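Inspection log for the structure reproduced underneath, given as structure tokens.
2 protein chains.
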Amino acid sequence: MREIGLKELKDLAIGATLLGTGGGGDPYIGRLMAEAAISRYGPIHLVDVDELPDEGLVVPAAMMGAPTVMVEKIPNGKEVETAVSQLERILGKQAVAIMTIEAGGINSMIPLAVAAQLHLPVIDGDSMGRAFPELQMTSFHVRGLKATPMVLVDEKGNNLVIDAIDNPWTERLARTATVAMGGASIIALYPMTGREAKDTMVRGTMSKAMDLGRLLGHSRLDRDEKLQRLKTQHQAIELFSGKVVDVERRSGDGFARGTLSCVGLDAFGESVLRIEFQNENLIAVRDGRVVATVPDLICVVDRETLLPITTEGLTYGQRVTVVGLPSDPVWFTEKGMQTVGPQYFGYQVEHVSLAEGPITTAETNGGWA
Amino acid sequence: MREIGLKELKDLAIGATLLGTGGGGDPYIGRLMAEAAISRYGPIHLVDVDELPDEGLVVPAAMMGAPTVMVEKIPNGKEVETAVSQLERILGKQAVAIMTIEAGGINSMIPLAVAAQLHLPVIDGDSMGRAFPELQMTSFHVRGLKATPMVLVDEKGNNLVIDAIDNPWTERLARTATVAMGGASIIALYPMTGREAKDTMVRGTMSKAMDLGRLLGHSRLDRDEKLQRLKTQHQAIELFSGKVVDVERRSGDGFARGTLSCVGLDAFGESVLRIEFQNENLIAVRDGRVVATVPDLICVVDRETLLPITTEGLTYGQRVTVVGLPSDPVWFTEKGMQTVGPQYFGYQVEHVSLAEGPITTAETNGGWA
Numbered sequence: 209m210r211e212i213g214l215k216e217l218k219d220l221a222i223g224a225t226l227l228g229t230g231g232g233g234d235p236y237i238g239r240l241m242a243e244a245a246i247s248r249y250g251p252i253h254l255v256d257v258d259e260l261p262d263e264g265l266v267v268p269a270a271m272m273g274a275p276t277v278m279v280e281k282i283p284n285g286k287e288v289e290t291a292v293s294q295l296e297r298i299l300g301k302q303a304v305a306i307m308t309i310e311a312g313g314i315n316s317m318i319p320l321a322v323a324a325q326l327h328l329p330v331i332d333g334d335s336m337g338r339a340f341p342e343l344q345m346t347s348f349h350v351r352g353l354k355a356t357p358m359v360l361v362d363e364k365g366n367n368l369v370i371d372a373i374d375n376p377w378t379e380r381l382a383r384t385a386t387v388a389m390g391g392a393s394i395i396a397l398y399p400m401t402g403r404e405a406k407d408t409m410v411r412g413t414m415s416k417a418m419d420l421g422r423l424l425g426h427s428r429l430d431r432d433e434k435l436q437r438l439k440t441q442h443q444a445i446e447l448f449s450g451k452v453v454d455v456e457r458r459s460g461d462g463f464a465r466g467t468l469s470c471v472g473l474d475a476f477g478e479s480v481l482r483i484e485f486q487n488e489n490l491i492a493v494r495d496g497r498v499v500a501t502v503p504d505l506i507c508v509v510d511r512e513t514l515l516p517i518t519t520e521g522l523t524y525g526q527r528v529t530v531v532g533l534p535s536d537p538v539w540f541t542e543k544g545m546q547t548v549g550p551q552y553f554g555y556q557v558e559h560v561s562l563a564e565g566p567i568t569t570a571e572t573n574g575g576w577a
Numbered sequence: 209m210r211e212i213g214l215k216e217l218k219d220l221a222i223g224a225t226l227l228g229t230g231g232g233g234d235p236y237i238g239r240l241m242a243e244a245a246i247s248r249y250g251p252i253h254l255v256d257v258d259e260l261p262d263e264g265l266v267v268p269a270a271m272m273g274a275p276t277v278m279v280e281k282i283p284n285g286k287e288v289e290t291a292v293s294q295l296e297r298i299l300g301k302q303a304v305a306i307m308t309i310e311a312g313g314i315n316s317m318i319p320l321a322v323a324a325q326l327h328l329p330v331i332d333g334d335s336m337g338r339a340f341p342e343l344q345m346t347s348f349h350v351r352g353l354k355a356t357p358m359v360l361v362d363e364k365g366n367n368l369v370i371d372a373i374d375n376p377w378t379e380r381l382a383r384t385a386t387v388a389m390g391g392a393s394i395i396a397l398y399p400m401t402g403r404e405a406k407d408t409m410v411r412g413t414m415s416k417a418m419d420l421g422r423l424l425g426h427s428r429l430d431r432d433e434k435l436q437r438l439k440t441q442h443q444a445i446e447l448f449s450g451k452v453v454d455v456e457r458r459s460g461d462g463f464a465r466g467t468l469s470c471v472g473l474d475a476f477g478e479s480v481l482r483i484e485f486q487n488e489n490l491i492a493v494r495d496g497r498v499v500a501t502v503p504d505l506i507c508v509v510d511r512e513t514l515l516p517i518t519t520e521g522l523t524y525g526q527r528v529t530v531v532g533l534p535s536d537p538v539w540f541t542e543k544g545m546q547t548v549g550p551q552y553f554g555y556q557v558e559h560v561s562l563a564e565g566p567i568t569t570a571e572t573n574g575g576w577a
């Protein structure tokens with residue numbers, strides 16, 4: 209067991225936002241929430257899933273919706289507690305631990321806030337090792353768990369319990385309800401036993417996020433040193449460095465969708481890069497060639513500080529660096545690729561392995577580049 | 209207590225469809241459902257609400273969605289039973305009676321089917337004395353009851369429990385879920401005590417529907433005799449007789465919306481009539497003048513048989529008669545008119561009283577006639 213204090217919270221917020229690959233909400237807001245919870249209820253305990261009893265109830269909690277809306281509808285701890293407590297009531301069992309669904313500025317923090325409030329530990333890990341836009345995009349789903357019963361609440365006091373026939377139906381019903389609730393909701397879902405958590409989760413995501421956050425937030429390291437450590441310690445690849453020349457945004461169906469366009473600087477001076485996002489960055493195309501796709505992580509960071517920039521924070525003129533990080537192996541299984549591969553998102557391209565080093569060719573651009 | 213057998217079922221189907229004022233679903237389908245339930249589970253008992261214990265749980269059940277979709281997604285008794293049973297489970301109480309929310313070909317019958325299956329009586333009455341398109345449009349709402357907890361189920365097995373802050377929010381959340389479920393769902397809502405039912409319901413709607421059905425289905429009476437009895441026994445007014453020349457339909461938001469246009473025959477030979485509908489007929493405009501509006505009943509019937517025609521049954525060339533019937537007094541209260549008056553539906557016109565006899569002038573056509 210390990211305590212999360214204010215210092216760790218700061219690192220976690222930065223690192224989780226990087227792993228959020230553009231989605232998962234703003235790190236500043238998430239950190240404020242968790243800080244408030246710690247100062248009110250005391251420190252948060254991070255546990256390894258193996259420390260939990262096999263029969264104990266584990267409840268993941270998160271915020272659902274477009275990050276652009278999430279930053280406008282800050283949840284208070286009360287709503288998250290309502291969601292978790294209602295799930296406990298439905299199942300007739302008290303939770304032994306809280307879990308995060310995904311890494312991200314808000315969604316790594318919400319579980320901390322509710323854990324502090326309920327005096328429960330948070331498990332070191334999540335269900336993605338990053339962030340993804342739909343709720344069936346979890347290692348739980350790939351490994352056969354159901355997302356229901358699922359509870360949704362909003363800041364007004366509306367409350368929904370979903371029990372769907374499968375996880376894509378849960379996603380559909382929860383998404384339309386979230387849109388009706390104003391574009392964002394607080395959710396508790398995938399209730400599971402400690403045993404199921406051990407068998408299905410992506411481990412260590414919180415520790416990894418804190419490591420990444422400590423590195424990127426380091427005041428004594430310059431850009432090149434940080435980038436070098438990202439490469440050697442986290443298998444990062446620099447995909448691009450340049451200037452944002454356009455951000456086209458489309459929201460309305462419960463997601464923040466859009467396209468980022470950049471022109472290159474320095475080594476990338478002759479190049480252009482385009483990134484398509486749906487809450488998270490999905491696919492990166494450099495000079496008409498696919499250089500990275502989901503499930504690998506496409507992270508847009510400030511070119512000087514290497515601090516992560518979420519999709520809602522992208523603006524014209526920013527100097528950015530784009531790094532690729534390899535995804536958790538769960539996504540390279542057959543069901544994993546069906547669930548989050550580029551083709552699921554409508555891109556007729558093959559996944560391009562980051563592990564093969566800097567890319568000079570690509571399979572196809574499917575006519576949409 | 210009174211038994212509903214096959215003869216009564218036939219009358220009820222016709223009369224309830226008339227009171228459905230175009231909405232509430234097809235009478236033939238509804239009747240088949242109730243017949244099947246009676247033949248499997250035995251006769252249905254119709255009770256007066258005063259026969260129920262004050263403390264007993266009363267559960268209204270219905271189908272929600274566009275009638276055009278409802279006739280394509282026929283529920284089986286199982287789904288309705290699931291909805292009612294889940295509400296019982298949530299409240300920790302067994303129902304003592306089933307209630308209908310609205311009059312209509314399907315929504316008068318669904319409660320009968322589930323009542324037969326659960327061996328419970330059905331109360332003689334509903335919450336509208338007619339049909340309306342939204343779930344807060346009930347005498348329960350006007351008199352202060354909450355629609356939640358509300359259960360929605362679909363034919364696939366998806367299941368939702370809504371607990372909203374007020375009835376308009378319940379409508380919004382249930383409507384979006386219904387659209388996501390394919391446009392129609394089975395619902396159990398407004399759970400209440402026998403005392404609350406006595407204080408808030410519209411009484412006698414089932415008996416009235418059976419009376420109307422017996423009259424309209426009568427084989428020995430001709431058109432003029434039926435019309436005369438509708439006028440003397442039910443305060444009906446003949447608003448129009450003519451031929452359907454256009455039916456413009458717009459669906460997609462969970463409602464069947466549209467406009468019916470007719471040209472006159474006989475005494476109405478020089479006239480044209482337009483009816484706007486949202487599941488139910490909302491407003492009738494003859495020669496540019498408003499001649500009837502919600503909450504009064506605007507019923508389109510076959511010109512010869514006077515049998516009711518639902519909005520989804522309207523087609524070019526039909527010879528129709530349009531009759532107006534006065535609504536239950538609950539709708540003429542201030543909250544009643546706010547809830548279902550023409551202005552709620554977006555028409556900038558005043559309600560025109562049917563009781564004043566054949567209309568020769570109208571307040572205004574609000575620029576939309």
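If you read the sequences in order, they're chains A and B.
Numbering of the first sequence is given in our numbering, commencing with residue 209 and proceeding in unit increments.
Numbering of the second sequence is given in our numbering, commencing with residue 209 and proceeding in unit increments.
A virtual CB, placed ideally from N, CA and C, is assigned to each residue, including glycine.
Bear in mind that the values here come from a model prediction, so they are computed numbers and not experimental data.
Those residues which DSSP pairs with residue i across a bridge
{"i": "B/N489", "result": "B/F485"}
{"i": "A/H253", "result": "A/E211"}
{"i": "A/R497", "result": "A/R494"}
{"i": "A/K451", "result": "A/V471, A/R527"}
{"i": "B/P516", "result": "B/V509"}
{"i": "A/G466", "result": "A/R457, A/F485"}
{"i": "B/P268", "result": "B/M307"}
{"i": "A/A355", "result": "According to DSSP, which records beta bridges pairwise, A/A355 is partnered with nothing at all."}
{"i": "A/N367", "result": "A/V361, B/D371"}
Alpha-carbon spacing of residue i relative to residue j, whole angstroms
{"i": "A/V361", "j": "A/Q294", "result": "10 angstroms"}
{"i": "B/E280", "j": "A/Y236", "result": "50 angstroms"}
{"i": "B/S561", "j": "B/G525", "result": "30 angstroms"}
{"i": "B/P537", "j": "B/T413", "result": "13 angstroms"}
{"i": "A/R437", "j": "A/A303", "result": "38 angstroms"}
{"i": "B/G337", "j": "A/Y249", "result": "54 angstroms"}
{"i": "A/S393", "j": "A/T467", "result": "25 angstroms"}
{"i": "B/S469", "j": "B/V509", "result": "14 angstroms"}
{"i": "A/A405", "j": "A/H559", "result": "28 angstroms"}
{"i": "A/S335", "j": "B/S535", "result": "56 angstroms"}
{"i": "A/E310", "j": "B/Y552", "result": "43 angstroms"}
{"i": "B/A291", "j": "A/V453", "result": "54 angstroms"}
{"i": "A/A244", "j": "A/A321", "result": "8 angstroms"}
{"i": "B/A577", "j": "B/T408", "result": "Per-residue confidence for B/A577 stands at a pLDDT of 37, beneath the threshold of 50, marking its modelled position as unreliable; the derived number appears in the next sentence. Roughly 36 angstroms separates the two Cα atoms."}
{"i": "A/D234", "j": "A/L220", "result": "12 angstroms"}
Whole-Å CB distance - residue i paired with residue j, under 8 angstroms assumed
{"i": "A/M241", "j": "A/T386", "result": "In fact, because the Cβ distance is near 19 angstroms, the residues do not count as touching under 8 angstroms."}
{"i": "A/V267", "j": "B/L368", "result": "The pair is not a contact, with the Cβ atoms about 20 angstroms apart (cut-off 8 angstroms)."}
{"i": "A/D258", "j": "A/T401", "result": "That pair is no contact at about 14 angstroms."}
{"i": "B/N487", "j": "B/P329", "result": "Incorrect: roughly 28 angstroms between the Cβ atoms, too far for contact."}
Chain B contact residues for residue i, given Cβ-Cβ distances below 8 angstroms
{"i": "A/K354", "result": "Simply none; closest approach about 12 angstroms."}
Interface residues of chain A facing residue i [CB-CB closer than 7 angstroms]
{"i": "B/W377", "result": "N366"}
{"i": "B/A388", "result": "R380, L381, T384"}
Interface partners of residue i on chain A, CB under 9 angstroms
{"i": "B/A372", "result": "K364, G365, N366, N367, L368"}
Member of the options whose CA lies at the smallest distance from the CA of residue i
{"i": "A/V502", "options": "A/V548, A/G496, A/A475, A/S316", "result": "A/V548"}
{"i": "B/G638", "options": "B/D234, B/Q546, B/P516", "result": "This structure leaves residue 638 of chain B out entirely; chain B is present only between 209 and 577."}
{"i": "B/R428", "options": "B/D461, B/C507, B/E512", "result": "B/E512"}
{"i": "B/I331", "options": "B/E342, B/G312, B/Q325, B/I252", "result": "B/I252"}
{"i": "A/E287", "options": "A/E310, A/N366, A/L254", "result": "A/N366"}
{"i": "B/V410", "options": "B/L299, B/G313, B/W539", "result": "B/W539"}
{"i": "B/H442", "options": "B/E484, B/E478, B/G421", "result": "B/G421"}
{"i": "A/A269", "options": "A/V255, A/E289, A/M278, A/I282", "result": "A/E289"}
{"i": "B/T523", "options": "B/K451, B/L505, B/D430, B/L260", "result": "B/K451"}
{"i": "B/R497", "options": "B/I282, B/S316, B/F448, B/K416", "result": "B/F448"}
{"i": "B/P283", "options": "B/T519, B/I395, B/V455", "result": "B/I395"}
CB contact check: residue i to chain D, cutoff 7 angstroms
{"i": "A/S415", "result": "In the displayed structure, chain D is absent; the protein chains listed are A and B."}
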